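Following: one structure in structure tokens, then a few remarks.
Residue numbers (this note's numbering): 12 to 145.
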């Protein structure tokens, strides 16, 4: 039993002296701070595509479609500006986008009228499917 302890001690000292990596502290890797990834900007064509899909599904007039396209273009510009100002996944970005969406929805409701807006909300999945097809 005494020789087993001695053998273990000799083995441990031999490993330590021979340069076993278990006993050597490694140099810490340099830490580089990467800023948070920016949220991808929404393409400018998204507003046009959504307005066209809404016009098809909801049978909007050309005037309504034009006015909605203007609102959606402004919404895309504001959202992209917010994405540049705030880090992705930040509460500030979420709050800014929520505020932008509320304002946009209010404008859309004014343009479409209450009945058409309710129809839009009910058919929103269909509008998105139509947009994906275009």
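Yeah, the Cβ is synthetic: ideal placement off N, Cα and C, and Gly gets one too. It should be emphasised that the depicted structure is a prediction, and the values quoted were computed from it without experimental measurement.
> From which residue to which residue does the alpha helix (DSSP H) around residue 132 run?
Replying inline: 125-133
>> Considering just the uninterrupted stretch of the alpha helix (DSSP H) at residue 56, what are its terminal residues?
In response: 56-69
> Any idea what DSSP makes of residue 77, helix, strand or coil?
Replying inline: helix
>> Whole angstroms are fine: how far does the CA of residue 95 sit from the CA of residue 127?
In response: 34 Å
>> Would residue 141 and residue 56 be called neighbours here (beta carbons separated by less than 7 Å)?
In response: Taking 7 Å as the Cβ cut-off, residue 141 and residue 56 do not qualify as a contacting pair.
>> Can you tell me whether residue 110 is buried or exposed? The criterion is at least 16 other CB atoms within 10 Å of its CB, across all chains shown.
In response: exposed
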